[in-house]
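What follows is a single structure, written as structure tokens, with notes after it.
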Amino acid sequence: MFVVAALARGVALGRILAYHQPILEPTATPIERDIVIVRGADAGDYLQTQLSQDVSGITVGASMWSFLLTPKSDILALMRITRSSVEEFILDTDPGWGDTVRQTIDEFLFRMDVEFEQSRWTGIAWRGGLPDLSDAPISAETPWKGIDGVDMIGPDVLMPEGAEVLSVSDLERVRIASGWPSMGLDIGPSITPVMTGLVPLTVGFEKGCYTGQEFVARVHYRGAEPPKRLIQLEFDDAAIVESGTPIVIGGDDVGYVTSASRGVALGYLKRGNDTPSGGVVSDVEVRLLAVANR
Numbered sequence: 535m536f537v538v539a540a541l542a543r544g545v546a547l548g549r550i551l552a553y554h555q556p557i558l559e560p561t562a563t564p565i566e567r568d569i570v571i572v573r574g575a576d577a578g579d580y581l582q583t584q585l586s587q588d589v590s591g592i593t594v595g596a597s598m599w600s601f602l603l604t605p606k607s608d609i610l611a612l613m614r615i616t617r618s619s620v621e622e623f624i625l626d627t628d629p630g631w632g633d634t635v636r637q638t639i640d641e642f643l644f645r646m647d648v649e650f651e652q653s654r655w656t657g658i659a660w661r662g663g664l665p666d667l668s669d670a671p672i673s674a675e676t677p678w679k680g681i682d683g684v685d686m687i688g689p690d691v692l693m694p695e696g697a698e699v700l701s702v703s704d705l706e707r708v709r710i711a712s713g714w715p716s717m718g719l720d721i722g723p724s725i726t727p728v729m730t731g732l733v734p735l736t737v738g739f740e741k742g743c744y745t746g747q748e749f750v751a752r753v754h755y756r757g758a759e760p761p762k763r764l765i766q767l768e769f770d771d772a773a774i775v776e777s778g779t780p781i782v783i784g785g786d787d788v789g790y791v792t793s794a795s796r797g798v799a800l801g802y803l804k805r806g807n808d809t810p811s812g813g814v815v816s817d818v819e820v821r822l823l824a825v826a827n828r
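Heads up, the sequence shown is in our numbering, so the first residue is 535 and it goes up one at a time.
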């Protein structure tokens, strides 16, 4: 059982949603994450060959984000890596993607001292404030742009008494407003790291070889613009925008929406179209904005 202490500091969630009705600070939302634990004397060396992040540079107790890629650099999973001990790493990803992570990294294991354990853990997503402490196996600040946050995740993480609860739907709205992509919604087939805007957070360019490295490095060092890129859309709160709907500029389809909430959405914009700019989604006027660098 893991119990979280009272909040120490907070920043209003309304700051990143200032153009909509503010959400009061600080808040907590119950969440679930798919977990793959990788342990053994060779765990670090093996993950170094499988993931885009420089796993060797993660200190015990620290967390970093990474991609798991196909040989052609399509994203199989976006995950957080937490080093729980010298020989143990906890990989957590969006619900429904644990099987992909486990099966992919297990496929290439040969004659190494590595074992896997897969599970589904619960947790608390704190947004707008940071807790004093937690003994949860994963306790990591989140890189959502413009908002302080911590995810606390473990086999049995309990919500503290008196916490102001933010609904799952409102947490989703905050995620979209911060420009953070979700597996299965904003990241799917044919999406590569450079399209997401997360390369600075997820890729170690000084490390050795890993699956998908050649394509990631080639695009990075050539400074090539991807065929499409993740963007944000803003629109009136009363309007309805749905995922999968085309983004139209001047009568031409230039992209599509991937996830949407009240007044804000994420989507992909084709190369050759600038931001900021205006567009239309299902007769709704939208403002197209770049996803801010982290």
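All residues carry an ideal CB built from backbone N, CA and C; glycine is no exception.
{"Item": "Exposed or buried, what is lysine 762 when buried is set at 16 or more other beta-carbons lying within 10 Å of its beta-carbon?", "Value": "buried"}
{"Item": "Note down, in chain order, each residue of its chain lying with its Cβ closer than 7 angstroms to the Cβ of valine 825, except the 5 sequence neighbours on either side.", "Value": "Gly713, Gly731, Leu764, Ile765 and Gln766"}
{"Item": "Please identify the residue among Ala758, Asp568, Ser816 and Pro760 whose C-alpha is closest to the C-alpha of glycine 657.", "Value": "Asp568"}
{"Item": "Output the distance between the C-alpha atoms of leucine 602 and arginine 654, rounded to the nearest integer angstrom.", "Value": "19 angstroms"}
{"Item": "Figure out for me which residue from Asp628, Val684 and Ala772 has the closest Cα to the Cα of glycine 662.", "Value": "Val684"}
{"Item": "Could you tell me which residues DSSP puts in a beta bridge with methionine 693?", "Value": "The partner list for methionine 693 (beta bridge, DSSP) is empty, contrary to what the question assumes."}
{"Item": "Check whether the stretch 772-783 touches the stretch 803-823, taking contact to mean three or more Cβ pairs, one atom from each stretch, closer than 8 angstroms.", "Value": "yes"}
{"Item": "Between which two residues does the beta strand (DSSP E) carrying proline 564 extend?", "Value": "561-573"}
{"Item": "Assign leucine 735 to one of three DSSP states: helix, strand, or coil.", "Value": "helix"}
{"Item": "Give me the Cα-Cα distance between lysine 606 and glycine 778, rounded to the nearest whole angstrom.", "Value": "25 angstroms"}
{"Item": "Run the CB neighbour count on alanine 542, radius 10 Å, all protein chains shown included, and call it buried at 16 or more, exposed below.", "Value": "With a pLDDT of only 38 at alanine 542, under the threshold of 50, the placement of this residue in the model should not be trusted; the figure read from the coordinates follows. Exposed, because fewer than 16 other Cβ atoms sit within 10 Å of the Cβ of alanine 542."}
{"Item": "Per the DSSP calculation, methionine 646 is bridged to which residue(s)?", "Value": "Per DSSP, none; premise fails for methionine 646."}
{"Item": "Is glycine 578 helix, strand or coil when you go by DSSP?", "Value": "helix"}
{"Item": "Based on Cα-Cα distance, which residue from Trp678, Leu800 and Arg756 lies nearest to aspartate 720?", "Value": "Leu800"}
{"Item": "So the beta strand (DSSP E) isoleucine 710 belongs to, where does it begin and stop?", "Value": "First-last for isoleucine 710: 702-712, but that is the alpha helix (DSSP H), not the beta strand (DSSP E)."}
{"Item": "Use the C-beta contact count for tyrosine 755: other C-beta atoms within 10 angstroms, 16 or more gives buried, fewer gives exposed.", "Value": "exposed"}
{"Item": "Measuring from the CB of proline 810, is there a heavy atom of the ligand GDP at a distance below 7 angstroms?", "Value": "As far as ligands go, the structure on display features none, and thus does not contain the ligand GDP."}
{"Item": "Name the DSSP bridge partner or partners of glutamine 766?", "Value": "Leu800 and Leu823"}
{"Item": "Tell me, please, whether the stretch 566-580 touches the stretch 635-649 by the rule of three or more beta-carbon pairs shorter than 8 angstroms.", "Value": "yes"}
{"Item": "Please report the straight-line C-alpha distance between glutamate 651 and aspartate 682, rounded to a whole angstrom.", "Value": "31 angstroms"}
{"Item": "Going by Cα to Cα distance, which pick from Pro689, Val708 and Ile592 is closest to glycine 680?", "Value": "Val708"}
{"Item": "Return helix, strand or coil for tyrosine 755, following the three-state DSSP convention.", "Value": "helix"}
{"Item": "Smallest Cα separation from alanine 751: which of Arg805, Asp669, Phe739 and Gly632?", "Value": "Phe739"}
{"Item": "Contact defined as beta carbons within less than 8 angstroms: I believe aspartate 608 pairs with proline 723. What is the distance between those atoms, to the nearest angstrom?", "Value": "7 angstroms"}
{"Item": "For arginine 805, is the classification buried or exposed, using 16 other Cβ atoms within 10 angstroms of its Cβ as the cut-off for buried?", "Value": "exposed"}
{"Item": "By Cβ distance, which residues of its chain are closer than 7 angstroms to glycine 742, with the 5 residues on each side in sequence left out?", "Value": "Gln582"}
{"Item": "On the criterion of 16 or more Cβ atoms from any shown chain inside 10 Å, does proline 734 qualify as buried, or is it exposed?", "Value": "exposed"}
{"Item": "What did DSSP end up calling glutamine 652 once you bin it into helix, strand or coil?", "Value": "strand"}
{"Item": "Just to confirm my understanding: we take glutamate 768, look at its own chain, exclude 5 residues before and 5 after, and list those with CB closer than 7 angstroms. What are they?", "Value": "Tyr553, Gly797, Val798, Val820, Arg821 and Leu823"}
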